[in-house]
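**Q** Taken in order, these protein sequences are the chains called A and B.
Residue numbers are given in the working numbering: position 131 of the first sequence equals residue 131, and the series is strictly consecutive.
To convert, take the position in the second sequence, counting from 1, and add 254; that gives the working numbering.
Backbone N, C-alpha and C fix where the C-beta goes; we use that ideal spot for every residue, glycine too.
Before we start, here is the structure in question, set down as structure tokens.
2 protein chains.
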Amino acid sequence: MGTDELYPPRRLAAAQRATAAAGLDALLLSPGSDLRYLTGYDAHAGERLTLLVLPAEGEPTLIVPTLERPAAEASPAPATGVRVVDHADGTDPYPLVAAALGGPVATVGLADRMWAEQVLALRTAVPGARQRLASEVLRELRIHKSAAEIAALAEAGAAIDAVHARMGEWLRPGRTEVEVAADVAAAIRIGLDGHEEPYVVAGNDRPLAAGMAFSVEPGIYLAGRHGARIEDIVVCTTDGVRRLNTTPTELIAL
Amino acid sequence: MGTDELYPPRRLAAAQRATAAAGLDALLLSPGSDLRYLTGYDAHAGERLTLLVLPAEGEPTLIVPTLERPAAEASPAPATGVRVVDHADGTDPYPLVAAALGGPVATVGLADRMWAEQVLALRTAVPGARQRLASEVLRELRIHKSAAEIAALAEAGAAIDAVHARMGEWLRPGRTEVEVAADVAAAIRIGLDGHEEPYVVAGNDRPLAAGMAFSVEPGIYLAGRHGARIEDIVVCTTDGVRRLNTTPTELIAL
């Protein structure tokens, strides 16, 4: 599967329309799953500023440290239509944010996991702008998976199955957890995001729709003793549910 | 070395005095190195709120998810004098923050890497409080290492030396990076923080003092080809410098 299918330019355009519809002037996205979702750039979160400035209208700008520019250029980001600008060590990167916004703004949406040091710096660099969370805008987009995303999840499910199939071989007396973890890491080879919407929890009255993916993970924990959990990835289709990993859940004695 | 030496209760008291001296009413610390520095609790950063509320005067409160309470209780935190309170899934944890502050506050210091979703939630939960960064207060404390911390760094240096000593054995044709990484992880067994103050960079005119530790890491990078870096941990003493790792830096052909 090509990265252009996983990170299509229309995703940025859809995010811009949703940003405008939510009454925000721009999204400001530091490294994390939102940045990766929109541009395919799996950026390093460090003390140097990396930020996607996505105005509701106009050209998206990806601000990166000069050191990281080659990584940003090599990522799917340029093909999605973002302009890359960089800042050298010892220079203030925040004027680049104001410039990329292209004018005064009233409200911005910040990546949910942006660091406080950047949140406060942006409050100074974009004075008077009300800060909200980008997830208000992106949650609805991310919750509906494309065919390419579901194919990627199915690949992940297959990788998980492959790991389970070999666990009997890997989990043997005398082996350390580190050794088993190395086996699992070598077998998995594709990235997986952590928890995200839609959450199947009490109080969530969101209707299900085709293209929504869930992690279903019932667990039992005996305090101070041990616990066990079964995790399945399932996707909602037009005529039911499709499980993306297929390992049987019976208890197997090794 | 006992954890009570590494995380002494007087460190919280010193942080409270520094908080007051900096004109802040409280520090609000989410999982990260500041929380760990003050309480020894190496908390999991997740979607559930974990927060140390450290008022300039009064009792420190560690707010944790109910699920994490056993981990918090088992950490060095209770011995440093913090009170642990927990919140169950489905309940709003932010009223616990207001309660732990014990009254209205004008200015709070947030962990530098607190997530934006918590920064904005705290703006609502502690209305009218000006938000600054906790590093304004903690940087000066953390920069001066205690004898116990220097001993821990020396242990880390010895672990690095032990890894270097076996690299010739581990780095062999046919082995994967994952296998070598597992060997390194198994050998190191102690945690290391990332970069922190004092930074030895152009423009930093901070005078050196005994107890300051530095990572000295000259590197050379050939664009598009490869790079190499030497990293040493050194500590400033009253009569010079002490290097905490001792592996020779000559080029060795394997």
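Three or more C-beta pairs under 8 Å: does that hold for the region 372-380 of chain B against the region 391-401 of chain B?
**A** No: the two stretches stay apart, fewer than three of their Cβ pairs being nearer than 8 Å.
**Q** Identify the residues that DSSP records as bridge partners of W115 of chain A: which are they?
**A** Sequence index remark: in the first sequence, residue 115 of chain A carries index 115 (1-based). BP columns for W115 of chain A point to B:W369.
**Q** I need the DSSP call for S469 of chain B, collapsed to helix, strand or coil.
**A** Within the second sequence, the letter at position 215 stands for residue 469 of chain B. Assignment of S469 of chain B by DSSP, reduced to helix, strand and coil, places it in the strand class.
**Q** What's the C-alpha gap between A165 of chain A and A129 of chain A?
**A** As a first step, residue 165 of chain A is located in the first sequence; it is residue number 165 there, counting from the start. As a first step, residue 129 of chain A is located in the first sequence; it is residue number 129 there, counting from the start. Approximately 53 Å between the Cα atoms of the pair.
**Q** By DSSP, does A276 of chain B sit in helix, in strand, or in coil?
**A** Walking along the second sequence from the start, residue 276 of chain B turns up at place 22. Look at A276 of chain B here: in three-state DSSP terms it is coil, with no helix or strand label.
**Q** Using CA coordinates, which residue listed in B:D437, B:I414, B:M368, B:D415 is at the minimum distance from L425 of chain B?
**A** The residue given as residue 425 of chain B occupies position 171 in the second sequence. Ranking the options by Cα distance to L425 of chain B, first place goes to B:D437.
**Q** Could you give the DSSP three-state label for G363 of chain B: helix, strand or coil?
**A** Locating residue 363 of chain B in the second sequence gives position 109, where the first residue counts as 1. Here G363 of chain B carries a strand assignment [DSSP, helix/strand/coil].
**Q** Name the chain A residues that come within less than 7 Å of D366 of chain B, Cβ to Cβ?
**A** On the second sequence, residue 366 of chain B is found 112 positions in, with the first residue counted as 1. Those are W115, A116, E117, listed as they occur along chain A.
**Q** Roughly how many whole angstroms lie between the Cα atoms of S287 of chain B and E433 of chain B?
**A** The residue labelled residue 287 of chain B in the question sits at position 33 within the second sequence. The residue labelled residue 433 of chain B in the question sits at position 179 within the second sequence. For S287 of chain B and E433 of chain B, the distance between alpha carbons rounds to 29 Å.
**Q** Just reading off the beta strand (DSSP E) that P55 of chain A is part of, what are its end residues?
**A** In the first sequence, the residue the question calls residue 55 of chain A occupies position 55. Taken as a continuous stretch (DSSP letters only), the beta strand (DSSP E) holding P55 of chain A covers 51-55.
**Q** Is the Cβ of T176 of chain A closer than 8 Å to any Cβ of chain B?
**A** The sequence position of residue 176 of chain A within the first sequence is 176, counting from 1. Any Cβ of chain B closer than 8 Å to the Cβ of T176 of chain A would place that residue at the interface, and such an atom is present.
**Q** Can you tell me the Cα-Cα spacing of R142 of chain A and A325 of chain B, whole angstroms?
**A** Here residue 142 of chain A is taken as the residue at index 142 of the first sequence, counted from 1. Here residue 325 of chain B is taken as the residue at index 71 of the second sequence, counted from 1. Answer to the nearest angstrom: the Cα atoms are 33 Å apart.
**Q** May I ask you to list, following chain order, the residues of the region 122-148 of chain A that have a beta carbon less than 9 Å from some beta carbon of chain B?
**A** Only R123, Q131, R132, L133, A134, S135 from the region 122-148 of chain A bring a Cβ to less than 9 Å from some Cβ of chain B.
**Q** Within 10 angstroms of its Cβ, does V470 of chain B collect 16 or more other Cβ (buried), or is it exposed?
**A** In the second sequence, residue 470 of chain B corresponds to position 216, counting from 1. Counting Cβ neighbours within 10 Å, V470 of chain B comes out exposed, since fewer than 16 surround it.
**Q** Cβ closer than 8 Å: which chain B residues qualify as neighbours of E73 of chain A?
**A** For the purposes of this step, residue 73 of chain A is identified with residue 73 of the first sequence, where counting begins at 1. Chain B residues near E73 of chain A: none, gap ~12 Å exceeds 8 Å.
**Q** Do we get a CB-CB distance below 8 Å when we pair L49 of chain A with the residues of chain B?
**A** The residue labelled residue 49 of chain A in the question sits at position 49 within the first sequence. Not one chain B Cβ lies under 8 Å of L49 of chain A.
**Q** In the structure shown, what three-state DSSP assignment does H341 of chain B receive?
**A** Here residue 341 of chain B is taken as the residue at index 87 of the second sequence, counted from 1. The answer is strand: DSSP assigns H341 of chain B an E or B state.
**Q** In the DSSP assignment, the alpha helix (DSSP H) including V137 of chain A goes from what residue to what residue?
**A** In the first sequence, counting from the first residue as 1, residue 137 of chain A sits at position 137. That run of the alpha helix (DSSP H) goes 135-143.
**Q** Does the Cβ of P427 of chain B have 16 or more other Cβ atoms within 10 Å, making it buried, or fewer, making it exposed?
**A** Within the second sequence, numbered from 1, the residue matching residue 427 of chain B stands at position 173. It is exposed - the Cβ of P427 of chain B has fewer than 16 other Cβ atoms within 10 Å.
**Q** Compute every distance between the C-beta of L38 of chain A and the non-hydrogen atoms of the ligand GDP, then say whether any falls below 7 Å.
**A** Ligands displayed in this structure: none; no statement on the ligand GDP is therefore possible.
**Q** Please report the residue range of the beta strand (DSSP E) in which R496 of chain B lies.
**A** Translated into the one-based positions of the second sequence, residue 496 of chain B becomes position 242. First-last of the beta strand (DSSP E) with R496 of chain B: 494-497.
**Q** Report the rounded CA-to-CA distance for Y41 of chain A versus L35 of chain A, giving the unit in angstroms.
**A** As a first step, residue 41 of chain A must be located in the first sequence, where it is residue number 41. As a first step, residue 35 of chain A must be located in the first sequence, where it is residue number 35. The straight-line gap from Cα to Cα measures roughly 7 Å.
**Q** Applying the criterion that 16 or more other CB atoms from any shown protein chain within 10 Å of the CB defines a buried residue, is V495 of chain B buried or exposed?
**A** Counting from 1 along the second sequence, the entry for residue 495 of chain B is found at position 241. With a threshold of 16 other beta carbon atoms within 10 Å, V495 of chain B falls short and is exposed.
**Q** Using the C-alpha atoms, what's the distance from R393 of chain B back to T176 of chain A?
**A** Translated into the one-based positions of the first sequence, residue 176 of chain A becomes position 176. Translated into the one-based positions of the second sequence, residue 393 of chain B becomes position 139. Computed Cα separation, rounded: 38 Å.
**Q** What does E179 of chain A touch in chain B if you count any residue whose Cβ is under 7 Å from its own?
**A** To locate residue 179 of chain A, count along the first sequence from 1; it is residue 179. Per Cβ cutoff of 7 Å: A436.
**Q** Which of the three DSSP states is assigned to R166 of chain A in this structure?
**A** Locating residue 166 of chain A in the first sequence gives position 166, where the first residue counts as 1. R166 of chain A falls in the helix class under three-state DSSP.
**Q** Please report the Cβ distance between A15 of chain A and L27 of chain A, rounded to the nearest whole angstrom; I am assuming they are in contact, meaning their Cβ atoms lie under 8 Å.
**A** Here residue 15 of chain A refers to the residue found at position 15 when the first sequence is read from its first residue. Here residue 27 of chain A refers to the residue found at position 27 when the first sequence is read from its first residue. At roughly 7 Å, the Cβ-Cβ gap stays under 8 Å, so A15 of chain A and L27 of chain A are in contact.
**Q** Would you kindly check if the distance between the Cβ of L364 of chain B and the Cβ of A154 of chain A is under 8 Å?
**A** Position 154 of the first sequence, counted from the start, is the residue given in the question as residue 154 of chain A. Position 110 of the second sequence, counted from the start, is the residue given in the question as residue 364 of chain B. No, the Cβ-Cβ distance between A154 of chain A and L364 of chain B is not below 8 Å.
**Q** With DSSP as the reference, label T237 of chain A as helix, strand or coil.
**A** Here residue 237 of chain A refers to the residue found at position 237 when the first sequence is read from its first residue. In this structure, DSSP gives T237 of chain A an extended state, which the three-state scheme calls strand.
**Q** What residues in the region 283-302 of chain B have a beta carbon less than 7 Å from any beta carbon of chain A?
**A** E301
**Q** When you compare the CB of L27 of chain A with every CB in chain D, is at least one pair closer than 8 Å?
**A** No chain D is part of this structure, whose protein chains are labelled A and B.
**Q** Using a Cβ cut-off of 8 Å, pull out every chain A residue sitting near A225 of chain B, in sequence order please.
**A** Given that chain B is displayed from residue 255 to residue 508, the structure contains no residue 225 of chain B and the question cannot be resolved.
**Q** Smallest Cα separation from G465 of chain B: which of B:C490, B:Y475, B:L498?
**A** As a first step, residue 465 of chain B is located in the second sequence; it is residue number 211 there, counting from the start. When C-alpha distances from G465 of chain B are compared across B:C490, B:Y475, B:L498, the shortest belongs to B:C490.
**Q** Check T176 of chain A in the structure and name its three-state DSSP category.
**A** Position 176 of the first sequence holds residue 176 of chain A. Three-state result, T176 of chain A: coil.
**Q** Classify P349 of chain B as helix, strand or coil using the three-state DSSP reduction.
**A** Residue numbering aside, residue 349 of chain B sits at position 95 when the second sequence is read from its first letter. For P349 of chain B, the three-state secondary structure derived from DSSP is helix.
**Q** Residues of chain B with CB under 7 Å from A186 of chain A, in chain order?
**A** Position 186 of the first sequence, counting from 1, holds the residue named residue 186 of chain A. By Cβ distance, chain B contributes T430, V432.
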